[in-house]
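**Student:**
In the working numbering, the protein residues as written are 412 to 741.
#1: Does the segment 496 to 512 come close enough to the segment 527 to 535 to have 3 or more Cβ pairs within less than 8 Å?
#2: Using 8 Å as the threshold, is the segment 515 to 522 in touch with the segment 472 to 487, meaning 3 or more CB pairs across them?
#3: Is there contact here, the segment 436 to 452 with the segment 702 to 711, by at least three beta-carbon pairs under 8 Å?
#4: Decide yes or no for the touch test of the segment 591 to 609 against the segment 559 to 573: beta carbon pairs closer than 8 Å, at least 3 of them.
#5: Is residue 619 helix, strand or coil when you go by DSSP?
#6: What span of residues does the beta strand (DSSP E) with residue 494 cover, start to end?
#7: Quick check: the segment 610 to 621 against the segment 631 to 646, are there 3 or more CB pairs under 8 Å?
#8: Can you look up residue 693 in the DSSP assignment and give me helix, strand or coil?
#9: Can you give the Cα-Cα distance for residue 443 and residue 434, rounded to whole angstroms?
#10: Which class does residue 716 belong to by DSSP, given the choice of helix, strand or coil?
#11: Pairing CB atoms from the segment 538 to 553 with CB atoms from the segment 422 to 433, are three or more of them under 8 Å?
#12: Which residues in the same chain have their Cβ closer than 6 Å to the Cβ of residue 682, if we skip the five residues on either side of it in sequence?
#13: Is the Cβ-Cβ distance between residue 459 and residue 624 less than 9 Å?
#14: Just how far apart, CA to CA, sit residue 670 and residue 575?
#15: Whose C-alpha, out of 454, 474, 475, is nearest the C-alpha of residue 490?
#16: Leaving aside the five residues before and after residue 464 along the sequence, list all residues of the same chain whose C-beta is less than 6 Å from its C-beta, in chain order.
#17: Taking the alpha carbon of residue 521 as the point to measure from, which residue in 492, 536, 558 has its own alpha carbon closest?
#18: Give the C-beta separation of residue 496 and residue 539 to the nearest angstrom, bearing in mind that I take them to be a contact with Cβ-Cβ under 8 Å.
#19: To the nearest angstrom, how far is the alpha carbon of residue 684 from that of residue 655?
#20: Would you say residue 687 and residue 602 are within 9 Å of each other, going by their C-beta atoms?
#21: Quick check: the Cα distance between residue 424 and residue 447, rounded to an integer number of angstroms?
#22: Using the Cβ count rule (16 or more neighbours within 10 Å means buried), how would you classify residue 627?
#23: On the DSSP bridge list, what partners appear for residue 414?
#24: Does the Cβ of residue 722 have 16 or more other Cβ atoms within 10 Å, making it buried, or fewer, making it exposed?
#25: Taking only three categories from DSSP, how would you classify residue 543?
#26: Does DSSP put residue 533 in a helix, in a strand, or in coil?
#27: Counting only runs of 3+ residues fully inside the segment 429 to 509, write out the beta strand (DSSP E) ranges in chain order.
#28: Could you give the distance in angstroms between the alpha-carbon of residue 706 and the alpha-carbon of residue 696?
Structure representation (structure tokens):
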């Protein structure tokens, strides 16, 4: 496994991030523990979760599964850089009670303590804001975070799904307050088929020293060889990938992508992950394996070298938006 610094911090993290969103809803506890064992054995030390994972009536279940894994061995927590998130309503599927979601100082305090209990740990390495809260000023948010850092409950803070201007705003206010390191990472939707983050989000992250952690690196499976699987095994795409392939233009684009990778003798999913590892500012993509085989495939991407010819071909199939403001101005 290869490692890098998380943004401008001294924290060393693996180039692949283990996503745990499937733990509980799709992968039972025993298999989830086996995947975490395999990930740690392979050198993946960065695990990502969220307080809402488990979904519906089972919100928090994913954190509980991870907590039970930590309880199995003291070395598990010691070797893991743990990231979780706050924002969502934890009160089931119904309407949230006031102050039981988003980023008020009150909810942040409650949410941290609840996550620590489920995770069976006394600190969180990277505490991430899952979404922008337009109603809560960053002065209040940073005041709440400062208390938690002083209490030793969290070490670093990251954002998720933030636009570039909010990354700038958050860190400028942190700098004015003094004594607050501010955001150190941004977790965003970014992959070959979805490159809008290159316009504002990634430049802002680089300017302010945030590590970029792409989620959905295979774009809901669309970049994982869906057409090849459909032809060879009769396994039809589902969800976001199926919706996208219903568009003939998108289907032709994905066919060109798969043809290009076949020409170079590469697996589509592994190449898509390897491409992200070449992108400026990227710390590492989140991989969310449901099985041990999917984890093994993701691990191969770390060692994959993409030729300049292939990178050029990928840019031709999936052209990025270009730099800002030139992408929309002279």
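Where is the CB? At the ideal position from N, CA and C, for every residue including glycine.
In this text, all values refer to a predicted model and were calculated from it rather than measured experimentally.
**Tutor:** Looking at the atomic coordinates:
#1: no
#2: Not touching, per the Cβ criterion.
#3: yes
#4: yes
#5: Along the chain shown, one-based indexing puts residue 619 at 208. Here residue 619 sits in coil by DSSP.
#6: Here residue 494 is taken as the residue at index 83 of the chain shown, counted from 1. Residue 494 -> beta strand (DSSP E) spans 492 to 497.
#7: no
#8: Reading the chain shown from its first residue, position 282 is the one you call residue 693. The answer is strand: DSSP assigns residue 693 an E or B state.
#9: Counted from its first residue, the chain shown places residue 443 at position 32. Counted from its first residue, the chain shown places residue 434 at position 23. Between residue 443 and residue 434, the C-alpha separation is close to 6 Å.
#10: Working through the chain shown from its first residue, we reach residue 716 at position 305. Note: residue 716 maps to coil in three-state DSSP.
#11: no
#12: Counted from its first residue, the chain shown places residue 682 at position 271. For residue 682, where only same-chain residues beyond five positions count, the Cβ hits under 6 Å are 672.
#13: The residue you call residue 459 lines up with position 48 of the chain shown. The residue you call residue 624 lines up with position 213 of the chain shown. Their beta carbons are under 9 Å apart, which means residue 459 touches residue 624 by this criterion.
#14: The residue you call residue 670 lines up with position 259 of the chain shown. The residue you call residue 575 lines up with position 164 of the chain shown. Approximately 35 Å, taken between the alpha carbons.
#15: If you number the chain shown from 1, residue 490 lands on position 79. Of the listed residues, the one whose Cα sits closest to residue 490 is 454.
#16: Reading the chain shown from its first residue, position 53 is the one you call residue 464. Same-chain partners within the cutoff: 432, 473.
#17: As a working mapping, residue 521 is identified with position 110 in the chain shown. The shortest C-alpha separation from residue 521 is found at 558.
#18: Numbered from its first residue, the chain shown carries residue 496 at position 85. Numbered from its first residue, the chain shown carries residue 539 at position 128. That belief holds up - the Cβ atoms of residue 496 and residue 539 are roughly 4 Å apart, short of 8 Å.
#19: Here the question's residue 684 lines up with position 273 in the chain shown. Here the question's residue 655 lines up with position 244 in the chain shown. Approximately 20 Å between the Cα atoms of the pair.
#20: Numbered from 1 along the chain shown, position 276 holds the residue referred to as residue 687. Numbered from 1 along the chain shown, position 191 holds the residue referred to as residue 602. At the C-beta level, residue 687 and residue 602 come within 9 Å of one another.
#21: Position 13 of the chain shown holds residue 424. Position 36 of the chain shown holds residue 447. Distance between residue 424 and residue 447, taken at the CA atoms: about 15 Å.
#22: Locating residue 627 in the chain shown gives position 216, counting from the first residue. It is buried - the Cβ of residue 627 has at least 16 other Cβ atoms within 10 Å.
#23: Counting from 1 along the chain shown, the entry for residue 414 is found at position 3. According to the DSSP secondary-structure assignment, residue 414 is paired through a beta bridge with 425.
#24: One-based indexing of the chain shown puts residue 722 at position 311. Within a 10 Å sphere around the beta-carbon of residue 722 sit fewer than 16 other beta-carbons, which makes this residue exposed.
#25: For this step, residue 543 is matched to residue 132 along the chain shown. Three-state result, residue 543: coil.
#26: Numbered from 1 along the chain shown, position 122 holds the residue referred to as residue 533. Looking at residue 533 - three-state DSSP - the assignment turns out to be coil, as it is neither helix nor strand.
#27: 457 to 459, 492 to 497
#28: Translated into the one-based positions of the chain shown, residue 706 becomes position 295. Translated into the one-based positions of the chain shown, residue 696 becomes position 285. Between residue 706 and residue 696, the C-alpha separation is close to 13 Å.
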